[in-house]
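Chains as they are written, first to last, in this note's numbering: chain Y, 1 to 370; chain F, 371 to 784. Using N, Cα and C, we set each Cβ at its ideal position, and we do this for glycine too.
This is the structure:
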């Protein structure tokens, strides 16, 4: 058995890491956080040049025809580098949603452009303040047009198009592709908790929309499960980076005549980070297996990976600040960049409570939890 | 990314399965366990009956070449690969077979003998250990030396080529039915504490050994105190050099940490089933959001351990050495056990206090968990190991490291 990534996949992962290290991704996160740009176009172009946006797209649609496993290792490295790019919106979500669909016309039109990074997509789902349930969608679709408001859409002011969940006349939740430069679209950029990733409220007023699927609630649930595995890898990458920062700082920081890394209070703290990280990583590997095999276990595996990775990134990023002492809570140190990103990723596709509930629901359905 | 056997692994698994199927009964469900035929009473008679059955099963495996698979054939093993050993373990666990008496000998004493005993001794002691004919125990902890194992005081004095042992050991599993033991002693009280230790194996039937059971908070007595009064050990049974006992002990402890696995008792499945059945504010407990959140946390831990184990097995299958990830297993599973047991009793409310069929496993787990968090390396020791050996953080400053042992201060609780 090989319950691990293949040698080629691990080499590929190393290449992605090298690129993000060379490009100083963490520094770029700070530049976006402090500046006026909404994302790092230069870094995005580098990722596109490396064909990372083409990863899961088959060659017939202009991609390179690799799989979700390759996307998992990319996600982990983007997390480690807290990259300020719209990769999760455009690749994990928009690209996957189109790949999942059977609409050939849309596939032929959009996938080649997504592969080449010529366009950026996002998934506009949240309404009001909560992650919506099936009955919570109020954006309405009627005769090829949609109206209503989506809230805090990730990369909503960067993306060229959005996949929008909306309720049709038949009381079904459908998924619609909307050109964000079309008539009747109003985009309001938001001030956010983690300005390294842009978010916007988007209002639609009789905006033209192409139907991806008129009855899409199950498709949306599946898309969320698929992307949850990828988000979880990104969270694990960030968590590991935060743990290593804490450890490295503790080794070099001296107090009471010795490295603070020699105090058990610090060692046990870092050991706890390691424990949460390993649990999350192992669950992510199972999620990767289920995702790449499109296994019936995906809902359980995805929720498990998502819940434990969310927990790990929160724990590692907050205890990293604590280990740094006062300096950890300064603007100058990078600790807060990871702390902010941890919170952002926890919120983006549904919070911890939502995913814990999804996990138990999937176990109740499968009735064979172990 | 797959869970598939290689061709050789699949062939080996088939071979294992056909032998097991011919010689044992398959479990009907995961929690199905072996029950000794004569297991009517509890305590000593139950234990001796279980021991008898375990010895018979071990001998049967030995005769067919399925005991201590990874050991050399010369010493009663099979020269199997680490992966073959894992496959055996996976398959055997699907059958209702007895066990639980030979792990310390085969897991800890055996590897030390293989490294430090003479060829003649290995040929004499290892095969009966593999066969389960002779049972071994480990005499390490003392009343004043647990996590700080190098602080032991049991005294060894050499006269000619015979050592005389005086002192007391504690927490010795199975001392009351063991034939032999491995023991670490102090042979030089004026050397620094790690330098004055010497390691032996000895006959547990030697004159001067007294074994007294320790009654645990569970009411059971799996551990013992062992007293030594002028016990004689020939110098030929010394393992390693005089004064080198700490190095030999570390070999044993390394193997102990590999041997200690998941904590047994209530796990996710039990609390999940309970939550589905149990009333809570006029509905089932599982329909309550707070309950669901707790269940999800435990499921994630259980799953995380399961797939951590899979990552390790995968490394073996690929011919590489497993990483240090497994060091998290006991900490996570023992704490999970304790918390699930406590929460289960919480859900059962006041009815949880009465002992009946439903509450017994939660009560037993709640009482057993504290011991599991301590045995084989406390949570705190294991976290130090993760920090120091896995993450490379420095050791704590040790004020007693270079001080002659007899000048180290001791407190009133030693």
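Candidates the options, of which the one nearest residue i by Cα
i: residue 180 of chain Y; options: Y:18, Y:355, Y:203, Y:333; result: Y:203
i: residue 775 of chain F; options: F:525, F:419, F:398; result: F:525
i: residue 154 of chain Y; options: Y:82, Y:263, Y:201; result: Y:201
i: residue 50 of chain Y; options: Y:218, Y:74, Y:58, Y:40; result: Y:74
i: residue 640 of chain F; options: F:497, F:672, F:528, F:746; result: F:672
i: residue 770 of chain F; options: F:557, F:562, F:394, F:537; result: F:562
i: residue 16 of chain Y; options: Y:267, Y:48, Y:336, Y:252; result: Y:48
i: residue 332 of chain Y; options: Y:33, Y:13, Y:18, Y:6; result: Y:33
i: residue 262 of chain Y; options: F:754, F:392, F:484, F:405; result: F:754
i: residue 209 of chain Y; options: Y:172, Y:305, Y:161; result: Y:161
i: residue 82 of chain Y; options: Y:344, Y:358, Y:350, Y:359; result: Y:344
i: residue 733 of chain F; options: F:685, F:471, F:516, F:589; result: F:589
i: residue 676 of chain F; options: Y:323, Y:307, Y:279, Y:329; result: Y:279
i: residue 59 of chain Y; options: Y:186, Y:108, Y:221; result: Y:108
i: residue 96 of chain Y; options: Y:116, Y:63, Y:84, Y:56; result: Y:56
i: residue 115 of chain Y; options: Y:54, Y:196, Y:177, Y:21; result: Y:54
i: residue 316 of chain Y; options: Y:28, Y:80, Y:70, Y:326; result: Y:80
i: residue 288 of chain Y; options: Y:69, Y:23, Y:39; result: Y:69
Beta carbon proximity, residue i to chain A, threshold 8 Å
i: residue 765 of chain F; result: Given the protein chain composition of this structure (Y and F), no chain A is represented.
Endpoints, the alpha helix (DSSP H) within which residue i is located
i: residue 595 of chain F; result: From DSSP, residue 595 of chain F is part of no alpha helix (DSSP H) but of the beta strand (DSSP E) over 593-604.
i: residue 441 of chain F; result: From DSSP, residue 441 of chain F is part of no alpha helix (DSSP H); its letter is neither H nor E.
i: residue 772 of chain F; result: Here residue 772 of chain F belongs to no alpha helix (DSSP H), and DSSP marks it neither H nor E.
i: residue 210 of chain Y; result: Residue 210 of chain Y -> not in any alpha helix (DSSP H); beta strand (DSSP E) instead, spanning 210-213.
i: residue 123 of chain Y; result: First-last for residue 123 of chain Y: 121-124, but that is the beta strand (DSSP E), not the alpha helix (DSSP H).
i: residue 780 of chain F; result: Per DSSP, residue 780 of chain F belongs to no alpha helix (DSSP H) and is neither H nor E.
i: residue 45 of chain Y; result: 41-49
i: residue 480 of chain F; result: 480-486
i: residue 452 of chain F; result: 452-462
i: residue 434 of chain F; result: That residue, residue 434 of chain F, is in no alpha helix (DSSP H); it is neither H nor E in DSSP.
i: residue 312 of chain Y; result: 298-324
i: residue 82 of chain Y; result: Here residue 82 of chain Y belongs to no alpha helix (DSSP H), and DSSP marks it neither H nor E.
i: residue 110 of chain Y; result: 104-115
i: residue 295 of chain Y; result: No alpha helix (DSSP H) holds residue 295 of chain Y; DSSP gives it neither H nor E.
i: residue 167 of chain Y; result: Premise fails: residue 167 of chain Y lies in the beta strand (DSSP E), 161-167, not in any alpha helix (DSSP H).
Three-state secondary structure (DSSP) of residue i
i: residue 573 of chain F; result: strand
i: residue 410 of chain F; result: Because the pLDDT at residue 410 of chain F is just 46, under 50, the model does not fix this residue reliably, and the point stays unresolved.
i: residue 369 of chain Y; result: Only weak support is given to the placement of residue 369 of chain Y: the predicted model assigns it a pLDDT of 44, under 50, and the value that follows is read from those uncertain coordinates. Three-state DSSP puts residue 369 of chain Y in coil, outside helix and strand.
i: residue 649 of chain F; result: strand
i: residue 187 of chain Y; result: strand
i: residue 640 of chain F; result: helix
i: residue 609 of chain F; result: strand
i: residue 535 of chain F; result: strand
i: residue 199 of chain Y; result: strand
i: residue 325 of chain F; result: In the structure displayed, chain F extends from 371 to 784; residue 325 of chain F sits before or after that span and is not available.
i: residue 174 of chain Y; result: strand
i: residue 396 of chain F; result: strand
i: residue 30 of chain Y; result: helix
i: residue 73 of chain Y; result: helix
i: residue 140 of chain Y; result: strand
i: residue 68 of chain Y; result: helix
i: residue 654 of chain F; result: strand
i: residue 405 of chain F; result: coil
Rounded distance between the beta-carbons of residue j and residue i, thought under 8 Å
i: residue 506 of chain F; j: residue 550 of chain F; result: 5 Å
i: residue 509 of chain F; j: residue 542 of chain F; result: 6 Å
i: residue 421 of chain F; j: residue 586 of chain F; result: That belief does not hold up - the Cβ atoms of residue 421 of chain F and residue 586 of chain F are roughly 19 Å apart, past 8 Å.
i: residue 470 of chain F; j: residue 424 of chain F; result: 6 Å
i: residue 547 of chain F; j: residue 468 of chain F; result: Contact doesn't hold; Cβ gap of about 14 Å is too wide.
i: residue 595 of chain F; j: residue 540 of chain F; result: 5 Å
Residue range of the unbroken beta strand (DSSP E) whose run includes residue i
i: residue 23 of chain Y; result: Careful: residue 23 of chain Y lies outside any beta strand (DSSP E) and carries neither H nor E.
i: residue 152 of chain Y; result: 145-154
i: residue 195 of chain Y; result: First-last for residue 195 of chain Y: undefined, no H or E at that position.
i: residue 506 of chain F; result: 506-509
i: residue 556 of chain F; result: 550-556
i: residue 527 of chain F; result: 525-529
i: residue 580 of chain F; result: 579-584
In chain order, each alpha helix (DSSP H) run of at least 4 residues that lies wholly inside the stretch 687-765 of chain F
699-717, 727-744, 749-755
Could you tell me which uninterrupted alpha helix (DSSP H) segments, each at least 4 residues in length, are contained entirely in the stretch 326-367 of chain Y, listed from first to last along the chain?
335-348, 352-366
Where in the stretch 223-287 of chain Y do unbroken runs of the beta strand (DSSP E), each at least 3 residues long, occur, reported from the N-terminal end onward?
none
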